[in-house]
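Since the structure comes first, as structure tokens, the remarks are kept for the end.
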Amino acid sequence: ILYNLLQFITEENTIGRKKKELRLQKQVTRYSIALAMQIDSLISECFSVGNLLFLAVVSHFGARLHRPRLIGMGCFLMAIGSALTGLPHFFMRLWYSTVPNNYSNAHIQSSNNTGTDCVKDTGSSMWIYVFLGNALRGIGETPITPLGISYIDDFAKAENSAFYISCLQTITLLGPMFGFLLGSMCANLYVDIGFVSVDSLTITPQDARWVGAWWLGFFVSSAILVLAGVPFWFLPRSLPRQGEEGNENFNVDQGNKEQSVLPNTHSVKLANIAKGFLPSLKRLLCTPAYFLLLCGIVLKFSSFIGLLTFKAKYMEQQFGQSASRANFLIGVLILPVVAVGIFLGGLLMKRYKLSVVAGAQLSFITSFTAFILLLFHFSTKCDNLPVAGLTVSYNGTPEISHDEHSLMSQCNQDCSCSTSEWDPVCSDSGITYMSPCLAGCTTFTGKGKNTVFHNCSCVLTPSPVEGSRSVSLGQCPRGPRCTRSFTSYMAVTVLSSFINSLGTTPGYMITIRCITPELKSLALGIQTLVMRTLGGIPAPVYFGALTDSTCLKWGIRSCGGRGACRMYDSNMYRCVCLLVITNYCLYKNTKMGGGASKQNETKLQSPEMCHPD
């Protein structure tokens with residue numbers, strides 16, 4: 001349980017990305033901030049690649065070896081990988097793309113220069129450390145699901161197994177909860193905390209250019225993972241089954257004897273195990289219920305990973321929430337509710353002694369109900385943020401389309417402004433301008449985040465006499481209507497997450513009970529392998545590509561080429577995200593429904609295929 005808790009803390013730091021971009025959130029690193037979202041997603045997928053390279057082998061061979069010690073080794077590998085991932089922070093210079101501009105009147109009126117509107121290039125080789133670190137974390141995570149779940153199921157009675165597994169999964173979800181909270185704290189700290197004065201910065205955590213202390217959480221996780229791995233080395237190779245506690249000493253001694261003679265027969269055992277791998281795999285894939293469950297799980301995991309990876313970013317872009325607040329809300333509202341739902345799902349199976357068919361039906365009903373609730377997200381929306389030249393004209397009228405010419409106006413045509421610069425300022429009228437120059441400003445007062453620009457010729461006022469022609473740094477906040485929509489969005493999200501999580505434990509038990517006992521570890525390992533390969537790896541990539549297609553304003557790398565997106569079309573962003581997730585959930589429910597029917601048919605025709613023990 002402790003290992004699950006801590007390895008998911010580490011995974012959520014990767015998923016974090018401030019949580020602007022996953023897995024997680026995926027805390028964006030300084031050398032990859034200028035990459036498009038789908039490229040960042042490709043880098044982060046090395047966690048899954050490292051996991052998949054060893055998953056089938058560990059699942060098949062590990063079931064015959066000392067499972068707790070394999071899990072302990074995984075803890076230490078993950079600790080090394082976490083430390084390696086955060087190491088590049090200390091090898092790189094200060095992050096200069098967010099160093100405050102030294103504004104001058106000449107700079108305001110002529111921002112068309114190189115350097116101020118270029119984002120840091122990504123040519124650094126430091127990404128190799130992150131790649132290797134994520135791969136090591138993926139390898140270290142390999143034993144937990146196939147070996148940990150089977151270790152518990154071998155010990156528990158049939159009627160108690162679902163309850164124990166639900167408890168394990170509930171505790172596991174505390175990891176993402178603490179991970180999101182840790183990510184929220186790190187995202188609120190500037191990346192070079194301790195080296196740069198926060199008071200001198202001109203941006204806030206709400207700004208798209210802000211980079212949080214992404215590296216801090218990895219070192220915290222690494223230290224805790226080392227401590228978590230120690231107890232597993234002292235667990236016995238096997239536990240006596242419930243009801244047979246009187247034979248505990250005998251079983252432990254027998255396990256120790258087997259372990260002591262293992263070096264002399266190790267090669268023979270491995271050869272025999274290897275011969276049975278392909279026949280065992282064939283038996284699994286030829287089980288109709290198991291195959292249909294695999295299809296449903298792939299679709300479900302694809303939507304889950306896509307949603308989790310971009311959940312916080314969706315809250316940022318659609319409702320104007322900061323990365324820190326989005327992380328915090330996910331950690332304290334959504335994940336605890338999911339944990340309670342998983343626990344109650346296992347409790348229902350134990351209390352009413354639900355059969356495999358009843359469990360499949362419960363899983364289908366909860367998934368379908370959550371899908372219906374998901375449709376309500378289409379009605380919870382916020383309009384595009386009014387940005388002159390992007391979403392509205394300089395006169396304040398809605399902008400149907402935009403190009404480079406629409407970014408300029410008569411009020412700023414003599415200022416020699418750069419249309420690629422993103423240094424947003426907000427006027428009292430609620431309209432955001434991409435830079436003080438494009439707002440037509442000529443003077444300024446104050447410094448840092450308190451800088452105010454004056455005599456802005458593009459700023460609308462009620463009359464030539466009344467009103468202010470000044471702007472302040474940062475984007476304009478969303479209106480009260482958007483706040484109400486966000487409250488409704490969170491309420492629907494919490495309710496649908498709770499209902500959907502009720503079917504998680506029954507879904508696990510279907511996999512465990514509908515294959516022979518000796519294939520449990522392999523079945524869970526293959527399920528994780530297929531889930532990660534077909535669901536986990538491609539989902540962030542095409543989710544990122546689809547969301548990139550809704551971008552209105554791109555950053556510029558140094559010096560030229562497309563960087564990170566600064567602003568999205570809120571309406572298109574919402575439709576793309578929700579349509580993809582909705583389609584996946586619809587197909588998944590179809591597969592799960594077919595799996596329940598097939599399982600019912602299987603039980604009637606071939607009772608020996610499902611095993612109660």
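Residue numbers (the numbering used here): 1 to 613. We put the beta carbon where it would ideally sit given N, CA and C, even for glycine.
Beta strand (DSSP E) segment containing residue i, residue limits
i, result
"Cys-437", "Unbroken run through Cys-437: none, as it is neither H nor E."
"Val-452", "452-454"
"Thr-483", "Where Thr-483 is concerned, there is no enclosing beta strand (DSSP E), although the alpha helix (DSSP H) it sits in stretches over 480-501."
"Phe-661", "Residue coverage of the chain in this structure runs from 1 to 613, which leaves residue 661 outside it and unanswerable."
Proximity test, residue i beta-carbon vs the ligand ADP heavy atom, cut-off 7 Å
i, result
"Val-332", "Among the ligands in the structure shown, none appear at all, so the ligand ADP cannot be discussed."
Spatial distance of residue i from residue j (CA atoms)
i, j, result
"Arg-283", "Asp-569", "49 Å"
"Leu-335", "Lys-520", "28 Å"
"Asn-160", "Ser-222", "34 Å"
"Thr-442", "Asn-412", "11 Å"
"Asp-199", "Ile-365", "53 Å"
"Gly-50", "Ala-545", "23 Å"
"Lys-311", "Leu-495", "16 Å"
"Ala-339", "Ala-370", "16 Å"
"Ala-682", "Val-211", "For the chain, the structure presents residues 1 to 613; residue 682 sits outside this window and is missing."
"Gly-657", "Gly-503", "This structure leaves residue 657 out entirely; the chain is present only between 1 and 613."
"Leu-285", "Ile-512", "14 Å"
"Phe-368", "Trp-127", "41 Å"
"Ala-491", "Phe-376", "11 Å"
"Phe-155", "Leu-278", "27 Å"
"Asp-428", "Gly-563", "30 Å"
"Ser-393", "Cys-458", "11 Å"
"Leu-189", "Gly-331", "18 Å"
"Lys-350", "Gly-448", "60 Å"
"Ala-539", "Leu-308", "11 Å"
"Ile-372", "Leu-216", "39 Å"
"Thr-461", "Asn-395", "10 Å"
"Phe-195", "Ser-409", "40 Å"
Own chain partners of residue i with C-beta closer than 6 Å, once the 5 adjacent residues on each side are dropped
i, result
"Cys-46", "Phe-131, Asn-134, Ala-135"
"Cys-476", "Cys-426, Gly-430, Thr-432"
"Tyr-129", "Leu-84, Leu-87, Pro-88"
"Ser-470", "Val-452, His-454"
"Arg-67", "Leu-147, Tyr-151"
"Ile-193", "Ala-213"
"Leu-438", "Asn-412, Cys-417"
"Phe-343", "Ser-166, Thr-170"
"Ser-59", "Pro-146, Ser-521, Leu-522, Gly-525"
"Ser-406", "Gly-389"
"Leu-235", "Pro-68"
Bridge-paired residues (DSSP) for residue i
i, result
"Gly-212", "Tyr-190"
"Ser-427", "Val-471"
"Ile-556", "Arg-562"
"Cys-551", "Tyr-568"
"Ala-388", "Val-392"
"Tyr-433", "Val-425"
"Pro-398", "Val-392"
"Val-196", "Ile-193"
Same chain, Cβ closer than 7 Å to residue i, five either side skipped, listed in chain order
i, result
"Val-220", "Leu-182"
"Phe-378", "Leu-578"
"Leu-55", "Thr-142, Gly-525, Thr-528, Leu-529"
"Ser-488", "Thr-380"
"Gly-74", "Gly-140, Glu-141, Thr-142, Pro-143, Ile-144"
"Gln-38", "The predicted model places Gln-38 with a pLDDT of 47, which falls under 50 and marks its position as unreliable, so this point remains unresolved."
Cβ-Cβ separation, residue j to residue i (assumed contact under 8 Å), whole Å
i, j, result
"Pro-143", "Gly-62", "6 Å"
"Val-191", "Ala-162", "Not quite, the Cβ-Cβ distance comes to about 44 Å (not below 8 Å), so this is no contact."
"Thr-505", "Ile-165", "6 Å"
"Cys-514", "Thr-170", "Not really, about 23 Å apart at Cβ, beyond 8 Å."
"Leu-522", "Ser-280", "6 Å"
"Gly-345", "Ser-501", "7 Å"
Cβ neighbours of residue i in the same chain (closer than 8 Å, five flanking residues each side left out)
i, result
"Ser-435", "Ser-111, Cys-417, Ser-418, Glu-421, Trp-422, Asp-423, Pro-424, Val-425"
"Ser-485", "Phe-319, Thr-380, Lys-381, Cys-382"
"Tyr-573", "Tyr-314, Gln-317, Gln-318, Thr-547, Thr-550"
"Ile-510", "Ala-289, Leu-293, Val-356, Gly-359, Ala-360, Ser-363, Gly-595, Gln-599"
"Pro-398", "Thr-391, Val-392"
Residue i: first and last residue of the uninterrupted alpha helix (DSSP H) it sits in
i, result
"Met-315", "288-319"
"Leu-141", "This sequence places Glu at residue 141; Leu is not what is there. Unbroken alpha helix (DSSP H) run through Glu-141: 127-141."
"Pro-236", "Pro-236 -> no alpha helix (DSSP H), and no H or E assigned at all."
"Ile-515", "Counting along the chain, Ile-515 falls outside any alpha helix (DSSP H), and DSSP gives it neither H nor E."
"Gln-361", "356-374"
"Ser-280", "277-285"
"Ser-324", "323-329"
"Cys-75", "67-86"
"Ile-149", "149-155"
"Gly-346", "335-352"
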